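**Student:** My questions all concern the structure below.
Number of protein chains: 2
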Amino acid sequence: MPDLAAVLERLDQEGLRLTEPRQQVVAAILGRTTPFTSAELWTAIQERAPSIGRATVFRTLDLLVRLGILQRIHADAEGGRCHAYLACDAGHHHHLICNGCGAVTDFTEDAALGELIHQVERHTAFRIEGHRLELVGRCPACQARGS
Amino acid sequence: MPDLAAVLERLDQEGLRLTEPRQQVVAAILGRTTPFTSAELWTAIQERAPSIGRATVFRTLDLLVRLGILQRIHADAEGGRCHAYLACDAGHHHHLICNGCGAVTDFTEDAALGELIHQVERHTAFRIEGHRLELVGRCPACQARGS
DNA sequence: GAGTTTTATGATACAATGTATCAAATCAGG
DNA sequence: CCTGATTTGATACATTGTATCATAAAACTC
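Order-wise, the sequence lines are chains E and Y. Mapping to numbering that gives the first Met the number 0: the first sequence position 99 is 98, numbers consecutive. Mapping to numbering that gives the first Met the number 0: the second sequence position 17 is 16, numbers consecutive.
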């Protein structure tokens, strides 16, 4: 997870302005280590900075996703709502999300995944161009705690 | 992809009624071999059976997903809309979707995926309980056609 | 078949998650 | 300060569902 200064510098590099609302939204995101929904973020921001508009929150989320600072992940939540956001480092990797506490760990099993893709290409004659892989499970702490 | 008779029989087994609207919705789905959105299905149904309500379409989609006749897949579409539906056979498997024509192929690389999961478990000490895996690529026909 | 009960339907309203628009505010540079 | 380009917040709107509820239609009983 990057820190505030790094993100602000990144925005600066992109020719974007370090406005007060953006800094507020980024600050509200960077403390988070587990996936969050736009609604959660929105209510958190309303508490700390009620003047910030809803559109700005979504715009900033979108911005951070485009810059690779956030990832949008898909979950099978109820109610059709399936998007969550997750602060993560740049670069290709996958997420492993705890069913108990929501903790997120990254992994890159490139060798094993590459082998899998290779097998599928051989069996289907498709040329694989991309993949979406997400694992869910239970982190060591939640296993110990039995939750 | 199951056929109409099989689906109707399946509904019957579950104690569900083979009503006219349901049959219409199922018929509109079963011709499809590529992923479709609820909106596409809704407009198709309006043309062939305008009296069917929107709620019924969603209810039937939901029903078929629960019965395993449809899968709900997640795509990174624009506009926040990320759900698509896909008629598929029951049982655990994954989808391989063509970026060119939308054709869908199933695969089950259980051995390779099992090995991947095993590696991740060893490296992270998580207990893996589920996974979401989708590959996208280009089918042989689209490769040949250069699209 | 008529009556009853259960289930499904369609209309409507509502909720959640974004996006489009646009005037007003703000920022950066001279 | 002034100017011009970005951002912002408010508002309206779009999409994709879900909840409610009176009505309709199956299925079941006799």
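Note that the Cβ used here is the ideal one computed from N, Cα and C, for glycine as well. All values derive from a computational prediction rather than experimental measurement.
(1) Leaving out the 5 sequence neighbours to the left and right, which residues in its chain are closer than 8 Å to residue 57 of chain E when beta-carbon positions are compared?
(2) Name the one or two DSSP bridge partners that residue 83 of chain Y has.
(3) Is the segment 46-57 of chain Y touching the segment 66-77 of chain Y, taking contact as three or more C-beta pairs under 8 Å?
(4) Check whether chain E comes within 8 Å of residue 68 of chain Y, counting only Cβ atoms and requiring the distance to be less than that.
(5) Rounded to the nearest angstrom, how far is the Cβ of residue 17 of chain E from that of residue 11 of chain E, given a contact under 8 Å?
(6) Between which two residues does the alpha helix (DSSP H) containing residue 44 of chain E stretch?
(7) Could you tell me whether the Cβ of residue 184 of chain E comes closer than 8 Å to any Cβ of chain Y?
(8) Between residue 139 of chain Y and residue 124 of chain E, is the Cβ-Cβ spacing less than 8 Å?
(9) Looking at the structure shown, is residue 107 of chain E part of a helix, part of a strand, or coil, going by DSSP?
(10) Between residue 53 of chain E and the ligand MN, is the CB less than 7 Å from at least one heavy atom?
(11) Against chain Y, with Cβ distances strictly below 8 Å, would residue 118 of chain E count as a contact?
(12) For residue 81 of chain E, would you say it is in contact with chain Y, using Cβ-to-Cβ distances shorter than 8 Å as the test?
(13) Show which residues of chain E have a CB atom less than 7 Å away from the CB atom of residue 122 of chain Y.
(14) Determine the DSSP secondary structure at residue 133 of chain Y, reduced to helix, strand or coil.
(15) Between residue 52 of chain Y and residue 42 of chain Y, what straight-line distance do the alpha-carbon atoms span, to the nearest angstrom?
(16) Please report the straight-line C-alpha distance between residue 30 of chain Y and residue 40 of chain Y, rounded to a whole angstrom.
(17) Express the C-alpha separation of residue 15 of chain Y and residue 104 of chain Y in angstroms, rounding to a whole number.
(18) If residue 127 of chain Y sits next to residue 134 of chain E, beta carbons under 8 Å apart, how far is it from one beta carbon to the other, in whole angstroms?
(19) Give the secondary structure of residue 51 of chain E by DSSP, where H, G and I count as helix, E and B as strand, and everything else as coil.
(20) Residue 148 of chain Y versus chain E: which residues are under 7 Å apart at the beta carbon?
(21) Give the DSSP bridge partners of residue 95 of chain E, in chain order.
(22) Name the DSSP beta bridge partners of residue 126 of chain Y, please?
(23) Residue 98 of chain E to residue 65 of chain Y, Cα distance in whole Å?
(24) Does the Cβ-Cβ distance between residue 1 of chain E and residue 88 of chain E come in under 8 Å?
(25) Output yes if chain E places a C-beta closer than 8 Å to the C-beta of residue 34 of chain Y; else output no.
**Tutor:** Here's the rundown:
(1) For residue 57 of chain E, where only same-chain residues beyond five positions count, the Cβ hits under 8 Å are 37.
(2) According to DSSP, residue 83 of chain Y bridges with Y/72.
(3) In this structure the segment 46-57 of chain Y does not lie against the segment 66-77 of chain Y, because fewer than three pairs of beta carbons, one per stretch, are closer than 8 Å.
(4) Output row for residue 68 of chain Y: interface = no.
(5) That pair is a contact at about 6 Å.
(6) That run of the alpha helix (DSSP H) goes 37-47.
(7) Any answer about residue 184 of chain E is impossible in this case: the structure gives chain E only from 0 up to 146.
(8) Going by beta carbons, residue 139 of chain Y and residue 124 of chain E fall inside the 8 Å limit.
(9) For residue 107 of chain E, the three-state secondary structure derived from DSSP is coil.
(10) Ligands in the displayed structure: none, and consequently the ligand MN is not present.
(11) By this cut-off, residue 118 of chain E is an interface position.
(12) So, interface residue.
(13) For residue 122 of chain Y, the residues of chain E that pass the 7 Å Cβ criterion are 106, in the order they occur in the chain.
(14) Residue 133 of chain Y falls in the strand class under three-state DSSP.
(15) Across the structure, residue 52 of chain Y and residue 42 of chain Y are spaced so that their CA atoms are roughly 11 Å apart.
(16) Cα to Cα, the separation comes out at about 11 Å.
(17) In a straight line, the C-alpha of residue 104 of chain Y is about 30 Å away from that of residue 15 of chain Y.
(18) With a contact defined as Cβ atoms closer than 8 Å, residue 127 of chain Y and residue 134 of chain E qualify at about 5 Å.
(19) Note: residue 51 of chain E maps to coil in three-state DSSP.
(20) Beyond the ends of chain Y as shown, which are 0 and 146, falls residue 148 of chain Y; an answer cannot be given.
(21) Answer is E/104 and E/134, bridged to residue 95 of chain E.
(22) In the DSSP assignment, residue 126 of chain Y is bridged to E/137.
(23) Cα-Cα distance, rounded: 21 Å.
(24) Judged by beta-carbon spacing, residue 88 of chain E lies within the 8 Å limit of residue 1 of chain E, meaning their Cβ atoms are closer than that value.
(25) It does not; no Cβ of chain E falls within 8 Å.
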